[in-house]
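Protein chains in written order, with the numbering used here: chain X, 11 to 235; chain Z, 11 to 235.
Where a beta carbon is used, it is the ideal one built from N, C-alpha and C, also for glycine.
Just below is one structure, and these are the notes that go with it.
Protein chains: 2
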Amino acid sequence: MGEQANPWECIEGKDIPATIELDPIIFCYIPPGAHVLDIGCATGKVSISLVSRGFSVTSVDINTEALKMTRSSSGSHNCSHMPLFVKATATSLPFADASFDAAVMQAFLTIVVSKEDRARIIREVCRVLKPKGCLYLADFGQTWHSKIYRERYINDLPVTKEEGSFLVYDQNTGEIAYVAHHFTEKELVFLLIENGFKVEFFKRDTFVTRTGNRVNGFVIVATKV
Amino acid sequence: MGEQANPWECIEGKDIPATIELDPIIFCYIPPGAHVLDIGCATGKVSISLVSRGFSVTSVDINTEALKMTRSSSGSHNCSHMPLFVKATATSLPFADASFDAAVMQAFLTIVVSKEDRARIIREVCRVLKPKGCLYLADFGQTWHSKIYRERYINDLPVTKEEGSFLVYDQNTGEIAYVAHHFTEKELVFLLIENGFKVEFFKRDTFVTRTGNRVNGFVIVATKV
Numbered sequence: 011m012g013e014q015a016n017p018w019e020c021i022e023g024k025d026i027p028a029t030i031e032l033d034p035i036i037f038c039y040i041p042p043g044a045h046v047l048d049i050g051c052a053t054g055k056v057s058i059s060l061v062s063r064g065f066s067v068t069s070v071d072i073n074t075e076a077l078k079m080t081r082s083s084s085g086s087h088n089c090s091h092m093p094l095f096v097k098a099t100a101t102s103l104p105f106a107d108a109s110f111d112a113a114v115m116q117a118f119l120t121i122v123v124s125k126e127d128r129a130r131i132i133r134e135v136c137r138v139l140k141p142k143g144c145l146y147l148a149d150f151g152q153t154w155h156s157k158i159y160r161e162r163y164i165n166d167l168p169v170t171k172e173e174g175s176f177l178v179y180d181q182n183t184g185e186i187a188y189v190a191h192h193f194t195e196k197e198l199v200f201l202l203i204e205n206g207f208k209v210e211f212f213k214r215d216t217f218v219t220r221t222g223n224r225v226n227g228f229v230i231v232a233t234k235v
Numbered sequence: 011m012g013e014q015a016n017p018w019e020c021i022e023g024k025d026i027p028a029t030i031e032l033d034p035i036i037f038c039y040i041p042p043g044a045h046v047l048d049i050g051c052a053t054g055k056v057s058i059s060l061v062s063r064g065f066s067v068t069s070v071d072i073n074t075e076a077l078k079m080t081r082s083s084s085g086s087h088n089c090s091h092m093p094l095f096v097k098a099t100a101t102s103l104p105f106a107d108a109s110f111d112a113a114v115m116q117a118f119l120t121i122v123v124s125k126e127d128r129a130r131i132i133r134e135v136c137r138v139l140k141p142k143g144c145l146y147l148a149d150f151g152q153t154w155h156s157k158i159y160r161e162r163y164i165n166d167l168p169v170t171k172e173e174g175s176f177l178v179y180d181q182n183t184g185e186i187a188y189v190a191h192h193f194t195e196k197e198l199v200f201l202l203i204e205n206g207f208k209v210e211f212f213k214r215d216t217f218v219t220r221t222g223n224r225v226n227g228f229v230i231v232a233t234k235v
């Protein structure tokens, strides 16, 4: 993520938003027993769900506390085997080429501020996937019909410099906690097809944010070309 | 529509695409017996459906043949009363201010080529609606995940000059029949809120085109502010 301080490295585990449910479509694309990479695993909800279904899971996050929480909660779920936790940044994954059958990225790109980093991340995922390996990607969509989000996109644009991005404030201090981005369909599709993937499944969904707002979402399955 | 020839004035009635089904949500917003304006009624599928449910319907189109077909098919449906058919262009409606309780616009804006005309049309609808009157709007959304549409948007851009627009060819002659536009959520929302409306209901849907392609769609109910 360059020289800039990354707020996600030191955010408290309990403050990491993780709200999107895993869409069952994923199980149509990931073969049983597959080795799955969970990128930006946060507190591990998705990793645990996948391990409990018999997948072999490697979970990556840059936040050490989040990884600890994932580890302890997976322990309490009596999983037959544990995810492998790795502290790493998604722009430079510490894995060999073609290491995984599949990758999962849930509400992760939304907090990657730079377009270049988003492209780098998708290329990295592509690199570590086996040929024809698949990426399950779920993330937030620009929700212009919502007055709340419309105003945030417009009011925060002078600071974020990217349409569809907005500032998220720390509820205690009132300071800017991080920048989030809501995607257009075009952005996500080109991010994938320009960085080694083919779109296999595409669904427009509605997600509920941690503050209870209903927001557009996308669920995508793409395969390595 | 200015001085330019409008292909919709002389297109054959049977060639007018009319594929989107009326979403039942409309009946939550239009009071029983309301006077409804159907803009771009084409062959009258929507008008007839509304008349058969007891609404008083005025149907507008610039295509005389389409109006004739609407008239004859409504006759064959044994409607207790008939829609009132008016040949007019949507940019200049021949009705007094506040004439209607509601308006319906199904897959109509998609064939309005100019952004200025789209805004003019929405302002005209607003003008002829009563205070708090509602507009039901259903139209096509940009479908970037579809390779077919993605390529059409990109390949036809030098001609259409508008992202999301594409050329539709006459299946017999191979000549350009008309230009169609697929909207972004942002485009439709601002078209409404900048021209006198407030968005009350917003749904992302999937429509099937007359050629059988699945394409993103929006169903919107907006009220006159």
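Q. Relative to the C-alpha of X/Cys223, which residue among X/Val235, X/Gly151, X/Ser57 and X/Leu103 is closest?
A. Checking the sequence shown, residue 223 of chain X turns out to be Asn, not Cys. X/Asn223 has its Cα closest to that of X/Gly151, out of X/Val235, X/Gly151, X/Ser57 and X/Leu103.
Q. By a C-beta neighbour count over all protein chains shown, 10 Å radius and 16 as the cutoff for buried, is X/Glu161 buried or exposed?
A. It counts as exposed.
(Q) So with CB distances below 8 Å, who are the chain X contacts of Z/Arg162? (A) Under the 8 Å cutoff, chain X gives no residues; its nearest Cβ is about 14 Å from Z/Arg162.
**Q.** Terminal residues of the alpha helix (DSSP H) in which Z/Leu167 lies
**A.** Z/Leu167 -> alpha helix (DSSP H) spans Lys157 to Thr170.
Q.
Closer than 8 Å is the cut-off here; do at least three beta carbon pairs connect the stretch 102-120 of chain Z with the stretch 41-60 of chain Z?
A. The stretch 102-120 of chain Z, when compared against the stretch 41-60 of chain Z, does touch it at the 8 Å Cβ threshold.
Q | Straight-line gap, X/Cys89 to X/Asp215 (C-alpha atoms, nearest Å) | A | Its pLDDT being 49, under 50, X/Cys89 is placed unreliably in this model, and the value from its coordinates should be taken loosely. For X/Cys89 and X/Asp215, the distance between alpha carbons rounds to 30 Å.
Q) Between X/Lys125 and chain Z, is there a C-beta pair that is closer than 7 Å? A) No - not a single Cβ of chain Z is within 7 Å of the one on X/Lys125.
Q.
Is there a Cβ of chain Z sitting closer than 7 Å to that of X/Glu195, yes or no?
A. By the rule that beta-carbons nearer than 7 Å mark a contact, X/Glu195 touches chain Z.
**Q.** Delimiting residues of the beta strand (DSSP E) encompassing X/Val70
**A.** Ser66 to Asp71 is the span of the beta strand (DSSP E), which, as asked, contains X/Val70.
Q) Going by C-alpha distance, which of X/Val61, X/Ala187 and X/Lys97 is nearest X/Ala76? A) For X/Ala76, the closest C-alpha among the options X/Val61, X/Ala187 and X/Lys97 is that of X/Lys97.
Q | Residue closest to X/Cys136, alpha-carbon to alpha-carbon, out of X/Ser69, X/Ser124, X/Thr120 and X/Ser109 | A | If we check each option's Cα against that of X/Cys136, X/Ser109 comes out closest.
Q. Is DSSP giving X/Leu147 helix, strand or coil here?
A. Strand.
Q) X/Glu75 by DSSP, collapsed to three states: which one? A) Residue state, collapsed to three classes: helix.
(Q) Judging by CA-CA distance, which residue of Z/Val235, Z/Thr74 and Z/Pro34 is the nearest neighbour of Z/Leu60? (A) Relative to Z/Leu60, the option among Z/Val235, Z/Thr74 and Z/Pro34 whose CA is nearest is Z/Pro34.
**Q.** Rounded C-alpha distance that separates Z/Phe176 from X/Ile203
**A.** Roughly 21 Å separates the two Cα atoms.
(Q) Using a Cβ-Cβ cutoff of less than 7 Å, which residues in the same chain neighbour Z/Asn205 once the five nearest sequence positions on both sides are dropped? (A) Short of 7 Å from the beta carbon of Z/Asn205, and not among the five residues preceding or following it, lie these beta carbons of its own chain, in chain order: Ala129, Ile132, Arg133 and Cys136.
Q: Classify Z/Cys89 as helix, strand or coil using the three-state DSSP reduction.
A: Confidence at Z/Cys89 is low in this model, with a pLDDT of 49, below 50, so its placement is unreliable and the value that follows should be read with caution. DSSP places Z/Cys89 in coil when its eight states are reduced to three.
Q: Please compile the residues from chain X whose C-beta is within a distance smaller than 8 Å of the C-beta of Z/Val199.
A: Correct list: Trp154, His155 and Arg160.
Q) Of all the options X/Phe65, X/His155, X/Ile40 and X/Asp127, which has the alpha carbon lying nearest to the alpha carbon of Z/Phe212? A) Just measuring C-alpha positions, the residue of X/Phe65, X/His155, X/Ile40 and X/Asp127 sitting nearest Z/Phe212 is X/His155.
Q) Got a sec: is the Cβ-Cβ distance from X/Arg214 to anything in chain A below 7 Å? A) The chain inventory of the structure shown lacks chain A, comprising the protein chains X and Z.
Q: Answer yes or no: do Z/Asp111 and Z/His191 have a C-beta to C-beta separation smaller than 7 Å?
A: Cβ atoms of Z/Asp111 and Z/His191: not closer than 7 Å.
Q.
Based on DSSP bridge pairs, tell me the residues matched to Z/Leu198.
A. The partner list for Z/Leu198 (beta bridge, DSSP) is empty, contrary to what the question assumes.
Q.
Within a Cβ cutoff of 6 Å, which residues of the same chain sit near Z/Phe65, ignoring the five residues on either side of it in sequence?
A. Same-chain partners within the cutoff: Ala44 and Val46.
Q) Is the CB of Z/Val209 under 7 Å away from at least one CB in chain X? A) When Cβ-Cβ separations below 7 Å define contact, Z/Val209 makes contact with chain X.
(Q) Can you find the residues in the same chain that come closer than 8 Å, C-beta to C-beta, to X/Glu13, ignoring five residues on each side of it along the sequence? (A) For X/Glu13, the predicted structure reports a pLDDT of 48, less than 50, and the residue's modelled location is therefore unreliable. A value from the coordinates is still provided. Here the set comprises nothing.
(Q) Does Z/Glu185 come out as helix, strand or coil in the three-state DSSP assignment? (A) If DSSP states are grouped into helix, strand and coil, Z/Glu185 belongs with coil.
Q: Closer than 7 Å by C-beta to Z/Cys208: which residues in its own chain qualify, once you throw out the five before and the five after it? Chain order, please.
A: The sequence as given places Lys at residue 208 of chain Z; Cys does not occur at that position. Scanning its chain for C-beta atoms nearer than 7 Å, with the 5 sequence neighbours on each side dropped, one finds around Z/Lys208 the residues Ala232, Thr233 and Val235, in chain order.
Q. DSSP on Z/Leu119, reduced to helix/strand/coil?
A. In this structure, Z/Leu119 counts as helix in the three-state DSSP scheme.
Q. Taking buried to mean at least 16 other C-beta atoms within 10 Å of its own C-beta, is X/Ala106 buried or exposed?
A. Around the beta carbon of X/Ala106, fewer than 16 other beta carbons lie within 10 angstroms, which makes this residue exposed.
Q) Based on the DSSP secondary-structure assignment, which residues constitute the bridge partners of Z/Leu139? A) For Z/Leu139, which the question treats as bridged, DSSP gives the partners Z/Phe110.
Q: Leaving aside the five residues before and after X/Asp180 along the sequence, list all residues of the same chain whose C-beta is less than 7 Å from its C-beta, in chain order.
A: Apart from the 5 residues on each side of it in sequence, X/Asp180 sits with its Cβ closer than 7 Å to the Cβ of Ala187 in its chain, given in chain order.
Q: For Z/Arg214, name the three-state secondary structure that DSSP assigns.
A: Collapsing the DSSP output to three states places Z/Arg214 in a strand.
Q: For X/Asn226, return the contacting residues in chain Z, with the cut-off set at a CB-CB distance below 8 Å.
A: The answer, in chain order, is Glu195 and Arg214.
Q.
I need the boundaries of the beta strand (DSSP E) containing X/Leu47, first residue and last residue.
A. Per DSSP, X/Leu47 belongs to the beta strand (DSSP E) from His45 to Ile49.
Q: To the nearest angstrom, report how far apart Z/Leu167 and Z/Tyr146 are at their CA atoms.
A: Computed Cα separation, rounded: 29 Å.
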